[in-house]
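Input: a single structure, listed below in structure tokens.
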Amino acid sequence: MLDFFTIFSKGGLVLWCFQGVRGPAATAPVNALIRSVLLQERGGNNSFTHEALTLKYKLDNQFELVFVVGFQKILTLTYVDKLIDDVHKEFRDKYRNEFQQKGALGLLNGTFDFKDDFMRLLRDAEESSKVRAPMVMKTFEQSLKSQKTVKCMIETRGEKPKEKVKNKKNKGSKKDGTEAVTAPSKASAGDKQLSAAGDKEELTKDEILQKNREEFFRRHMKAGEKSRSPKPDAQKEKGKKPRVWDLGNSNAKVLDYSNSATNGSAEACPVEEFDPDMALGDKNREPGRLYDLEYESDDEAEEEKVVQNPSKPSVKKGGLGGMFGMLKGLVGSKSLTRGDMDPVLEKMKDHLIAKNVAAEIAVQLCESVAKKLEGKVMGTFTTVTSTVKQALQEALVQILQPQRRVDVLRDVMDAQRHRRPYVITFCGVNGVGKSTNLAKISFWLIENGFSVLIAACDTFRAGAVEQLRTHTRRLNALHPPESHGGRTMVQLYEKGYGKDAAGIAMEAISYARNQGFDVVLVDTAGRMQDNAPLMTALAKLIAVNAPDLVLFVGEALVGNEAVDQLVKFNKALADHSMAQTPRLIDGIVLTKFDTIDDKVGAAISMTYITSKPIVFVGTGQTYCDLRSLNAKAVVAALMKA
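Letter by letter, the sequence shown follows residues 1 to 641 in full-length UniProt numbering.
So, in structure tokens, the structure goes:
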């Protein structure tokens with residue numbers, strides 16, 4: 001039984017509504033559908049689940065209408081798709097003239113008496129699902145097996161299958177000329193075997209078996225003698241010689257750092273001398289500012305080339321030919337059909353996949369664009385390609401601008417007012433750059449005047465604590481306590497290796513609260529999304545410490561793997577959490593963005609699958625190589641041919 005059926009315009013005006021059961025109105029699920037699907041350009045699937053309800057919808061792009069039906073998700077209603085199609089067709093045909101003549105005023109002032117028509121269509125749909133004939137199993141006579149004759153199943157003794165004969169022919173064609181010389185002798189041997197075949201029938205079974213064994217051993221002994229090769233006279237020298245690199249140093253003492261530190265303690269390690277300009281990168285930057293990601297288009301360069309070479313003769317066509325060529329592909333006051341868009345959408349899908357968008361996401365995006373444009377009336381001088389491309393660009397920009405934006409600086413200041421540290425936890429798979437980008441974010445927070453405590457909760461990977469200790473020393477060298485009134489701006493909290501990560505994070509947060517640190521950055525061990533014990537430990541760390549922000553660190557090099565990682569990380573956090581409402585990923589840090597040129601599809605895949613924003617983008621190796629996402633720049637790079 002249906003819970004509700006509603007028809008409303010894309011402007012939000014409800015034209016007609018049917019309430020099937022008593023209870024709460026359809027407002028909450030329909031609003032959730034609008035927020036999560038229609039406004040976010042996720043219309044690839046015509047089904048949406050909200051709490052205990054399943055919603056199915058259909059768009060009418062010509063008259064800007066939306067048809068939505070809702071029913072309990074535990075029910076399997078086979079007639080819903082037919083019903084929504086029939087209602088869509090009936091409602092359009094009944095009020096077509098009113099929509100065409102009055103337009104928006106027709107929606108505002110019109111009265112839509114559609115209850116009787118809807119109940120008739122509902123009865124017809126329910127009856128059609130009942131009278132559908134049940135599936136009948138095929139009889140043996142109707143199956144393919146019955147068409148096989150007994151003769152084709154019988155194998156005659158001594159007869160070889162056709163496939164094996166073909167393979168032997170192919171093998172024989174690859175033989176050398178030396179073997180071709182021995183062919184007559186083999187043929188004569190074959191004649192002898194045929195002549196001996198009659199004698200074999202007179203022998204007993206045991207005699208035939210013994211004779212076959214002797215022949216088998218004799219044949220294999222000959223093959224073994226042929227395969228033996230003479231030993232080489234000069235034996236190769238054993239052992240490997242170490243490679244000496246051109247830019248390396250052959251003196252091992254220069255590379256020996258084992259005596260410079262005692263047990264890895266910060267006090268015993270000498271202060272590193274390094275060039276601050278190398279660590280900071282751009283000298284002209286504004287301290288503390290997080291710049292937007294930029295993308296330079298090649299269009300201006302191409303225009304300059306055209307202006308610089310005006311003397312080149314252009315190929316001119318005839319007047320009519322040029323006119324027809326210019327008008328080719330234009331659509332004049334025509335409703336777009338799926339057939340018009342399919343060739344363009346197929347090319348767009350291949351283009352997105354080539355730009356590193358996950359294949360599943362590319363298909364859903366193209367499907368969403370097709371549903372958005374199907375039935376829409378185009379202008380006079382508009383091509384199908386340009387229309388589809390424009391709609392896809394708008395959808396991509398909308399996807400990269402999710403519902404909730406994360407403003408870290410504002411949230412840190414809010415935590416300061418409540419006299420508690422703001423806690424950020426970093427998680428992700430192995431080798432994506434969690435520790436490096438944690439150091440970049442630390443540098444950005446320090447430049448904005450916030451003190452940072454780094455919690456070394458990666459107690460598994462060798463060298464993880466030492467890496468963070470090095471970053472801490474360098475950050476303190478760039479921002480010494482003397483420049484901040486004697487206050488240490490960054491400090492490392494570590495307990496070594498093999499300890500419980502959740503316990504270390506809890507102690508670090510307590511230490512930060514007592515010492516007055518503004519931000520705690522929790523570094524966790526890299527883990528694959530399929531490793532259940534490590535995912536359970538991560539879920540425990542997040543559930544126990546309740547961080548303000550959980551950031552998933554992913555690299556921009558991945559394609560389909562991005563979807564698998566994020567889906568399984570979120571699923572693992574939900575499954576292994578002890579809380580009733582589990583804490584999932586809040587945002588994304590996209591790393592190694594400087595290595596992909598214009599193949600920026602991972603950004604689309606990650607935001608589409610999670611509906612979470614990309615908070616930071618790592619673009620290099622220095623502390624200043626941190627950017628905020630610019631959706632239009634990413635889409636421009638993505639749509640570049």
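All residues carry an ideal CB built from backbone N, CA and C; glycine is no exception.
From residue i to residue j, what distance separates their C-alpha atoms?
| i | j | result |
| --- | --- | --- |
| Val-363 | Ile-353 | 9 Å |
| Thr-383 | Arg-338 | 15 Å |
| Ser-611 | Ser-36 | 9 Å |
| Ala-215 | Asp-530 | A small correction: the amino acid at residue 215 is Glu; Ala does not occupy that position in the sequence shown. When rounded, the distance between both Cα atoms is 55 Å. |
| Phe-443 | Ala-631 | 24 Å |
| Ile-614 | Tyr-291 | 14 Å |
| Asp-548 | Arg-289 | 22 Å |
| Lys-130 | Glu-141 | 29 Å |
| Met-323 | Lys-599 | With a pLDDT of only 43 at Met-323, under 50, the local geometry of the prediction cannot be trusted, and the value read off the model is given with reservation. If I take the Cα positions, the gap works out to 37 Å. |
| Leu-75 | Phe-569 | 30 Å |
| Ile-504 | Thr-581 | 24 Å |
| Gln-565 | Gln-401 | 21 Å |
| Glu-127 | Phe-114 | 20 Å |
| Leu-626 | Gly-12 | 40 Å |
| Ser-311 | Phe-593 | For Ser-311, the predicted structure reports a pLDDT of 41, less than 50, and the residue's modelled location is therefore unreliable. A value from the coordinates is still provided. Each residue's Cα considered, the two are about 41 Å apart. |
| Gln-210 | Arg-219 | 14 Å |
| Tyr-257 | Ala-512 | Note that Tyr-257 scores 44 on pLDDT, short of 50, meaning its location in the model is unreliable; the coordinates nonetheless yield the value given after this. Their backbone Cα atoms lie some 33 Å apart in a straight line. |
| Ser-195 | Ile-208 | With a pLDDT of 46 at Ser-195, under the threshold of 50, the modelled position of this residue cannot be trusted; read the value that follows with caution. So the two alpha carbons sit approximately 15 Å from each other. |
| Glu-90 | Lys-334 | 22 Å |
| residue 653 | Leu-59 | The structure shown does not extend to residue 653, since the chain is modelled only from 1 to 641, so the question has no answer here. |
| Thr-472 | Met-378 | 59 Å |
| Ala-2 | Arg-405 | Correcting the residue identity first, residue 2 is Leu in this sequence and not Ala. If you take the alpha carbons of Leu-2 and Arg-405, they lie about 36 Å apart. |
| Ala-532 | Glu-360 | 25 Å |
| Thr-387 | Ser-143 | 49 Å |
Assuming residue i and residue j make a contact with CB atoms under 8 Å, what is their CB distance in whole Å?
| i | j | result |
| --- | --- | --- |
| Ile-424 | Val-522 | 7 Å |
| Cys-372 | Asn-61 | Looking at the sequence shown, residue 372 is not Cys but Lys. So it is a contact: roughly 7 Å between Cβ atoms. |
| Leu-53 | Gly-70 | 5 Å |
| Gly-526 | Val-429 | 6 Å |
| Asn-448 | Leu-409 | 6 Å |
| Arg-487 | Pro-481 | 6 Å |
| Leu-453 | Tyr-497 | 19 Å between Cβ atoms; not a contact. |
| Val-519 | Leu-445 | 6 Å |
| Thr-536 | His-576 | 4 Å |
| residue 642 | Gly-601 | The structure shown does not extend to residue 642, since the chain is modelled only from 1 through 641, so no value can be given for it. |
| Leu-345 | Glu-374 | In fact, because the Cβ distance is near 11 Å, the residues do not count as touching under 8 Å. |
| Ala-464 | Ala-456 | 7 Å |
| Phe-112 | Tyr-95 | 7 Å |
| Ala-539 | Ala-572 | 6 Å |
Suppose the cutoff is 6 Å on Cβ atoms and the five residues either side in sequence are ignored; what does the same chain contact list for residue i look like?
| i | result |
| --- | --- |
| Ile-7 | Leu-15, Trp-16 and Phe-67 |
| Ser-146 | Phe-140 |
| Phe-5 | Phe-18 and Val-69 |
| Met-578 | Ala-543 |
| Gln-467 | Ser-435 |
| Ser-628 | Leu-290 and Asp-292 |
| Ala-574 | Pro-582 |
| Lys-495 | Ile-504 |
| Ser-415 | Per the sequence shown, the amino acid found at residue 415 is Ala instead of Ser. Within the same chain, Ala-415 has close Cβ partners Tyr-422. |
Spatial neighbours of residue i within its chain, please: CB distance less than 8 Å, with the 5 preceding and 5 following residues excluded, ordered by chain position.
| i | result |
| --- | --- |
| Leu-33 | Phe-48, His-50, Leu-55, Tyr-57 and Val-68 |
| Leu-534 | Ala-525, Arg-527 and Met-528 |
| Gly-516 | Ser-451 |
Go through its chain and collect everything with a Cβ distance to residue i's Cβ below 7 Å, but skip five positions before and after it.
| i | result |
| --- | --- |
| Ile-399 | Gln-40, Glu-41, Ile-604, Thr-607 and Tyr-608 |
| Asn-514 | none |
| Ile-509 | Pro-421, Val-423, Val-520 and Asn-545 |
| Gly-431 | Gly-526 |
| Ser-9 | Leu-15, Glu-64, Leu-65 and Leu-107 |
| Asp-340 | Val-384 |
| Asp-407 | none |
| residue 642 | Examination of residue 642 is not possible in this model, given that the chain is present from 1 through 641 alone. |
Return yes when the Cβ of residue j is within less than 8 Å of the Cβ of residue i, no when it is not.
| i | j | result |
| --- | --- | --- |
| Ala-477 | Tyr-623 | no |
| Val-589 | Val-567 | no |
| Leu-396 | Leu-638 | yes |
| Ala-358 | Val-563 | yes |
| Val-550 | Leu-293 | no |
| Gly-459 | Lys-434 | Residue 459 is actually Thr in this sequence, not Gly. Going by C-beta atoms, Thr-459 is not nearer than 8 Å to Lys-434. |
| Asp-86 | Ala-26 | no |
Taking only beta-carbon atoms, is residue i less than 8 Å away from chain B?
| i | result |
| --- | --- |
| Thr-387 | In the structure shown, chain B cannot be found, because there is only a single protein chain. |
Note to self: Quick check: the segment 552-561 against the segment 412-424, are at least 3 beta-carbon pairs closer than 8 Å?
What the structure shows: no
Check: Do the segment 483-502 and the segment 385-396 touch if we need at least three Cβ pairs shorter than 8 Å?
Finding: Not touching, per the Cβ criterion.
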